[in-house]
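**Q** Under our numbering, the first residue of the sequence shown carries the number 136, and numbering increases by one thereafter.
Even for Gly, the Cβ is constructed at its ideal location relative to N, Cα and C.
Since the structure is predicted, the reported quantities are computational estimates derived from the model, not experimental observations.
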Amino acid sequence: MSVVDSRPTGDRALLDRELDHLARLLDGETRDDAMLAEEPGARTPLDTLADVFALTRFERGLVALCLGAEVHEGVGRALLRHGGNVTWSVADRVLPESHWSALAPGSQLRRWQLLDVGPGRLVDAPLSVAEPVLHHLLGIDDLDPWLVPLVHPLRSAALMAGSHGDVTEAVTRCWRDPTAPWQVIGLHGDDEQGRLDVAWLTSVDLGLAPYRLRGSDLPADPAERAHLATVWTRSALLSGASLVIDVDDRTDTGALSALLDRLDGPVVLSSRNAVPITDVVHHEVRRPESAEQRQLWRAVLEGVTDPEVLAEVDLLAATHRLSAREIEQGASLALLDGASAVGGRLRRQLRRGDVDALVRVIEPRARWSDLVLPPDRVELLRAMVDQVRVRCVVHDDWGFADRSSRGLGSTALFAGEPGTGKTMAAEVVAAELDLELLHVDLSAVVSKYIGETEKNLARVFDRADQQGAILLFDEADALFGRRTEVTDSHDRYANIEVSYLLQRMESYRGLAILTTNARAALDKAFVRRLGFIVQFPFPDAMHRRLIWEGAFPDRTPTRDLDHARLASLSLSGGSISNIARAAAFRAASAGGPVTMSDLAWAARAELAKSDRVLAPADLAGWEAGS
136 MSVVDSRPTG
146 DRALLDRELD
156 HLARLLDGET
166 RDDAMLAEEP
176 GARTPLDTLA
186 DVFALTRFER
196 GLVALCLGAE
206 VHEGVGRALL
216 RHGGNVTWSV
226 ADRVLPESHW
236 SALAPGSQLR
246 RWQLLDVGPG
256 RLVDAPLSVA
266 EPVLHHLLGI
276 DDLDPWLVPL
286 VHPLRSAALM
296 AGSHGDVTEA
306 VTRCWRDPTA
316 PWQVIGLHGD
326 DEQGRLDVAW
336 LTSVDLGLAP
346 YRLRGSDLPA
356 DPAERAHLAT
366 VWTRSALLSG
376 ASLVIDVDDR
386 TDTGALSALL
396 DRLDGPVVLS
406 SRNAVPITDV
416 VHHEVRRPES
426 AEQRQLWRAV
436 LEGVTDPEVL
446 AEVDLLAATH
456 RLSAREIEQG
466 ASLALLDGAS
476 AVGGRLRRQL
486 RRGDVDALVR
496 VIEPRARWSD
506 LVLPPDRVEL
516 LRAMVDQVRV
526 RCVVHDDWGF
536 ADRSSRGLGS
546 TALFAGEPGT
556 GKTMAAEVVA
566 AELDLELLHV
576 DLSAVVSKYI
586 GETEKNLARV
596 FDRADQQGAI
606 LLFDEADALF
616 GRRTEVTDSH
626 DRYANIEVSY
636 LLQRMESYRG
646 LAILTTNARA
656 ALDKAFVRRL
666 GFIVQFPFPD
676 AMHRRLIWEG
686 AFPDRTPTRD
696 LDHARLASLS
706 LSGGSISNIA
716 RAAAFRAASA
726 GGPVTMSDLA
736 WAARAELAKS
746 DRVLAPADLA
756 GWEAGS
């Protein structure tokens with residue numbers, strides 16, 4: 136059965152004449168096998184209904200009788216001569232080509248519930264046209280009331296990525312062939328709105344009204360599912376509609392498969408991953424890549440020439456995987472409020488998603504002035520920032536993305552002892568680019584169950600990819616360590632995890648930063664693939680003095696602090712920060728400024744954490760400075 140170009144339409148006046156003719160037949164006039172002298176090209180809603188549901192002439196006549204009983208005064212009055220109701224026995228007397236199978240359980244009238252059959256013997260049971268069919272024949276195409284709680288009209292964005300247009304054309308070609316059976320289309324990929332847009336545009340191109348059903352709302356009871364399939368298909372064939380089913384982790388694929396077996400007409404499955412059901416034609420719908428995003432930005436910002444706005448949207452295209460709808464929203468902000476709005480406000484909006492248990496969001500507060508590093512290390516960090524900013528130029532305008540899909544993101548390794556500023560440097564980079572910094576909890580990512588680590592990593596990368604976030608893997612040697620010699624299945628799967636991670640790192644289009652305290656423990660093949668390696672040295676006396684000089688905020692009261700003497704104690708930057716904070720709490724509790732005595736106490740407490748005991752000589756002169 137075809138939905139496209141065969142929805143019931145027709146001449147209402149011709150329908151009225153047909154019902155007049157039925158009234159005369161019921162009044163006892165001689166049966167006229169011709170029913171009516173057909174006008175060339177003239178059709179009634181009943182004609183198209185009969186075509187769509189492949190009704191026999193007698194079945195069509197039964198529907199016409201039931202319709203007349205509802206809406207035609209002459210038919211209603213004439214039926215009083217026959218007991219007042221339409222029955223099979225009445226139809227058998229007045230309609231040509233009668234056959235008992237018209238009311239068999241598998242008949243078209245019963246299968247699609249076009250007629251309702253009342254109680255009693257089947258030959259004498261009252262027959263009536265189903266209410267949704269009645270409304271349709273009278274030109275009213277409201278959704279069947281039984282479906283209203285389950286399905287909802289699908290709305291779409293006006294903007295569509297070119298790659299999504301290609302998918303739309305492919306699906307349209309598949310569905311347009313009137314001789315081919317309906318193919319269930321599976322749209323999968325990371326762009327949920329894009330999938331819905333493809334389904335919407337395909338339906339509209341074919342003159343269909345798209346509706347959306349959540350897979351998690353499928354009835355658990357098989358009888359209810361069968362009823363859903365019948366009622367939906369009847370509604371779709373009557374009014375010309377398509378069904379888009381959202382498939383997620385809560386969807387029972389067995390129930391879904393059973394429903395699809397009963398459905399007829401255009402159906403789309405929309406899911407993150409391809410649905411494992413046979414006889415589904417799959418198409419991937421991914422978020423637009425950076426080059427396509429730039430085209431979309433320029434399409435919606437047509438006429439905008441402000442270089443600040445254009446530079447900002449190029450940075451968004453380089454660092455985010457935005458859908459067409461998100462770009463539309465961002466363009467509205469840009470047109471209203473300028474570049475600062477399109478960047479800052481859109482990023483904040485994207486960060487409102489659910490917090491994943493595998494990551495911790497770090498609010499970047501550190502700035503370049505907070506870093507105390509050798510100049511060449513700062514230069515490397517600035518080069519990282521610049522690489523992200525001009526990524527679109529190199530990859531798209533200069534053609535590097537055409538050569539390979541690998542290595543299109545930016546990766547960096549921050550190596551150094553604890554407390555040497557690795558995390559602070561990641562904060563500085565994130566703050567400079569105004570990007571979210573996601574700290575990955577490797578202990579939560581790595582699972583003892585086979586395959587779970589890859590799933591966890593996919594969740595992390597998918598979220599970061601969508602939001603344009605910077606990924607920070609602390610203590611990366613725990614997962615990126617040297618691949619082991621395979622001696623058992625656990626070694627084999629451990630190496631699979633590393634290989635999967637390498638693959639995701641190379642295809643990730645954002646910035647991924649890994650930190651390690653043990654660079655030598657990292658897999659050498661992995662290290663060679665990294666874009667930047669920044670070694671964070673343990674601070675010498677000169678750098679420790681600089682760190683001490685910036686350890687206290689300007690509003691903190693201090694007295695007689697000897698920065699040279701403080702720098703003589705071998706400490707990391709992280710330890711200096713901890714000591715300064717602990718000393719400030721001690722001084723505030725005593726109601727006075729921070730002194731060398733407070734710092735001596737805090738230093739002993741800090742180093743005791745690592746079982747390091749300070750000799751009196753280590754703190755010589757500290758107490759005197761109090």
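#1: Given VAL490, which residues of its chain have a CB within under 6 Å of its CB, disregarding the five upstream and five downstream residues?
#2: Say whether the stretch 542–559 touches the stretch 646–658, bearing in mind that this needs 3 or more beta-carbon pairs closer than 8 Å, one atom from each stretch.
#3: Note down the Cα distance separating VAL575 from VAL633, rounded to an integer number of angstroms.
#4: Going by DSSP, what residue range makes up the alpha helix (DSSP H) through GLY209?
#5: Measuring CA to CA, which of GLN670, GLY709 and ARG700 is closest to ALA686?
#6: Ends of the alpha helix (DSSP H) at SER712?
#7: Given 8 Å as the limit, is there contact between the stretch 316–333 and the stretch 404–415, that is, 3 or more CB pairs closer than that?
#8: Assuming ASP381 and ARG347 are in contact, meaning their beta carbons sit under 8 Å apart, how far apart are those beta carbons, in whole angstroms?
#9: Consult DSSP for ASP155 and reduce its assignment to one of helix, strand or coil.
#10: Roughly how many angstroms separate the alpha carbons of LEU373 and VAL520, rounded to a whole number?
#11: Would you mind working out which of GLY556, LEU451 and THR651 sits nearest ARG526, comparing C-alpha positions?
#12: Which value, in whole angstroms, describes the spacing of the CA atoms of LEU336 and ARG195?
#13: In angstroms, rounded to a whole number, what distance separates the CA positions of SER712 and SER703?
#14: So LEU404 packs on VAL306, CB below 8 Å; how close in whole Å?
#15: Quick one: Cα of ARG679 to Cα of LEU665, how far?
#16: Are VAL415 and LEU378 close, meaning C-beta to C-beta below 9 Å?
#17: Grouping DSSP H, G and I as helix and E and B as strand, with all else coil, what is PRO288?
#18: So what's ASP381 in DSSP terms, helix, strand or just coil?
#19: Give me the Cβ distance between ALA566 and ALA655, rounded to the nearest whole Å; I'm assuming they're in contact under 8 Å.
#20: My assumption, with CB atoms under 8 Å, is that VAL494 sits in contact with LEU568. Please give the rounded CB distance.
#21: Quick check: what's the CA-CA separation for GLY274 versus PRO180?
#22: If you draw a straight line from the alpha carbon of ASP259 to that of LEU341, how long is it in whole angstroms?
#23: Give me the Cα-Cα distance between GLY350 and ARG212, rounded to the nearest whole angstrom.
#24: If you draw a straight line from the alpha carbon of ALA169 to that of ARG192, how long is it in whole angstroms?
#25: DSSP three-state label for ASP326, please.
#26: Closest by CA to VAL563, which one among ARG594, GLN602, LEU607 and LYS590?
#27: Cα separation between ALA95 and ALA561?
#28: Starting from the C-beta of ARG538, find all residues in its chain whose C-beta is less than 7 Å away, skip the five residues before and the five after it, and write them out in chain order.
#29: My output table needs one value for GLY438: the three-state DSSP class, helix, strand or coil.
#30: Taking the alpha carbon of LEU272 as the reference point, which residue from LEU238, VAL198 and LEU262 has its own alpha carbon closest?
#31: Quick check on THR558: does DSSP put it in helix, strand or coil?
#32: Assign PRO345 to one of two classes, buried (16 or more other C-beta atoms within 10 Å of its C-beta) or exposed (fewer than that).
#33: Output needed for HIS418: all residues of its chain with C-beta closer than 6 Å, excluding positions within five of it in sequence on either side, in chain order.
#34: Looking at the structure shown, is ILE275 part of a helix, part of a strand, or coil, going by DSSP?
#35: From ALA358 to VAL366, what does the alpha carbon distance come to, in whole angstroms?
#36: Under 9 Å, do LEU244 and LEU250 count as touching if we go by C-beta distance?
**A** In short, the structure shows the following:
#1: Translated into the one-based positions of the sequence shown, residue 490 becomes position 355. Note that VAL490 has pLDDT 48, beneath the 50 cutoff, so the model's placement of it is unreliable and the number below is only indicative. Cβ contact annotation for VAL490 (same chain, cutoff 6 Å, sequence separation greater than five): none.
#2: Three or more Cβ pairs closer than 8 Å define a contact, and the stretch 542–559 meets that threshold against the stretch 646–658.
#3: Within the sequence shown, residue 575 is the residue found at index 440, counting from 1. Within the sequence shown, residue 633 is the residue found at index 498, counting from 1. Between VAL575 and VAL633, the C-alpha separation is close to 16 Å.
#4: Position 74 of the sequence shown, counting from 1, holds the residue named residue 209. 208–214 is the extent of the alpha helix (DSSP H) around GLY209.
#5: The residue you call residue 686 lines up with position 551 of the sequence shown. In terms of Cα proximity to ALA686, the closest of GLN670, GLY709 and ARG700 is GLY709.
#6: Taking the sequence shown and counting its residues from 1, the one referred to as residue 712 is at position 577. First-last of the alpha helix (DSSP H) with SER712: 708–725.
#7: Yes: at least three Cβ pairs fall under 8 Å.
#8: The residue given as residue 381 occupies position 246 in the sequence shown. The residue given as residue 347 occupies position 212 in the sequence shown. The Cβ separation is near 7 Å, so the contact holds.
#9: Translated into positions along the sequence shown, residue 155 becomes position 20. Three-state result, ASP155: helix.
#10: Residue numbering aside, residue 373 sits at position 238 when the sequence shown is read from its first letter. Residue numbering aside, residue 520 sits at position 385 when the sequence shown is read from its first letter. Those two C-alpha atoms are separated by around 58 Å.
#11: The residue you call residue 526 lines up with position 391 of the sequence shown. The shortest Cα separation from ARG526 among GLY556, LEU451 and THR651 belongs to LEU451.
#12: Against the sequence shown, residue 336 aligns to sequence position 201. Against the sequence shown, residue 195 aligns to sequence position 60. Distance between the alpha carbons of LEU336 and ARG195: 34 Å.
#13: Within the sequence shown, residue 712 is the residue found at index 577, counting from 1. Within the sequence shown, residue 703 is the residue found at index 568, counting from 1. So the two alpha carbons sit approximately 16 Å from each other.
#14: Counting from one through the sequence shown, the residue named residue 404 turns up at place 269. Counting from one through the sequence shown, the residue named residue 306 turns up at place 171. Incorrect: roughly 12 Å between the Cβ atoms, too far for contact.
#15: The residue given as residue 679 occupies position 544 in the sequence shown. The residue given as residue 665 occupies position 530 in the sequence shown. Taking the straight line from one Cα to the other gives about 30 Å.
#16: For the purposes of this step, residue 415 is identified with residue 280 of the sequence shown, where counting begins at 1. For the purposes of this step, residue 378 is identified with residue 243 of the sequence shown, where counting begins at 1. Not in contact: VAL415 and LEU378 (Cβ atoms no closer than 9 Å).
#17: Taking the sequence shown and counting its residues from 1, one reaches residue 288 at position 153. PRO288 falls in the strand class under three-state DSSP.
#18: Taking the first residue of the sequence shown as position 1, residue 381 is located at position 246. In the structure shown, ASP381 sits in a strand (DSSP, three-state: E or B).
#19: Taking the sequence shown and counting its residues from 1, one reaches residue 566 at position 431. Taking the sequence shown and counting its residues from 1, one reaches residue 655 at position 520. Between ALA655 and ALA566 the Cβ distance is about 31 Å, and since that is not below 8 Å, they are no contact.
#20: Counting from one through the sequence shown, the residue named residue 494 turns up at place 359. Counting from one through the sequence shown, the residue named residue 568 turns up at place 433. Not confirmed; about 18 Å, so no contact.
#21: What you label residue 274 is simply residue 139 of the sequence shown in a count that begins at 1. What you label residue 180 is simply residue 45 of the sequence shown in a count that begins at 1. So the two alpha carbons sit approximately 9 Å from each other.
#22: The residue labelled residue 259 in the question sits at position 124 within the sequence shown. The residue labelled residue 341 in the question sits at position 206 within the sequence shown. ASP259 and LEU341 have their C-alpha atoms some 43 Å from each other.
#23: The residue you call residue 350 lines up with position 215 of the sequence shown. The residue you call residue 212 lines up with position 77 of the sequence shown. Cα-Cα distance, rounded: 48 Å.
#24: For the purposes of this step, residue 169 is taken as the residue at position 34 of the sequence shown. For the purposes of this step, residue 192 is taken as the residue at position 57 of the sequence shown. Note that ALA169 has pLDDT 44, beneath the 50 cutoff, so the model's placement of it is unreliable and no number is given.
#25: On the sequence shown, position 191 is the one that residue 326 refers to. Reduced to three states, the DSSP call for ASP326 is coil.
#26: Counted from its first residue, the sequence shown places residue 563 at position 428. The candidate whose alpha carbon is nearest that of VAL563 is LEU607.
#27: Residue 95 falls outside the range modelled here, since the chain spans only 136 to 761, and no answer is possible.
#28: One-based indexing of the sequence shown puts residue 538 at position 403. Excluding positions up to five away in sequence, the list is empty.
#29: Position 303 of the sequence shown, counted from the start, is the residue given in the question as residue 438. Coil.
#30: What you label residue 272 is simply residue 137 of the sequence shown in a count that begins at 1. Nearest of LEU238, VAL198 and LEU262 to LEU272, Cα basis: VAL198.
#31: Position 423 of the sequence shown, counted from the first residue, corresponds to residue 558. Residue state, collapsed to three classes: helix.
#32: As a position in the sequence shown, residue 345 is number 210, starting the count at 1. Label assigned to PRO345: buried.
#33: Start at 1 with the first residue of the sequence shown, and residue 418 comes out as number 283. Result list for HIS418: VAL302 and LEU322, in chain order.
#34: The residue you call residue 275 lines up with position 140 of the sequence shown. Coil.
#35: One-based indexing of the sequence shown puts residue 358 at position 223. One-based indexing of the sequence shown puts residue 366 at position 231. When rounded, the distance between both Cα atoms is 12 Å.
#36: Within the sequence shown, residue 244 is the residue found at index 109, counting from 1. Within the sequence shown, residue 250 is the residue found at index 115, counting from 1. By the CB criterion at 9 Å, LEU244 and LEU250 fall inside the cutoff.
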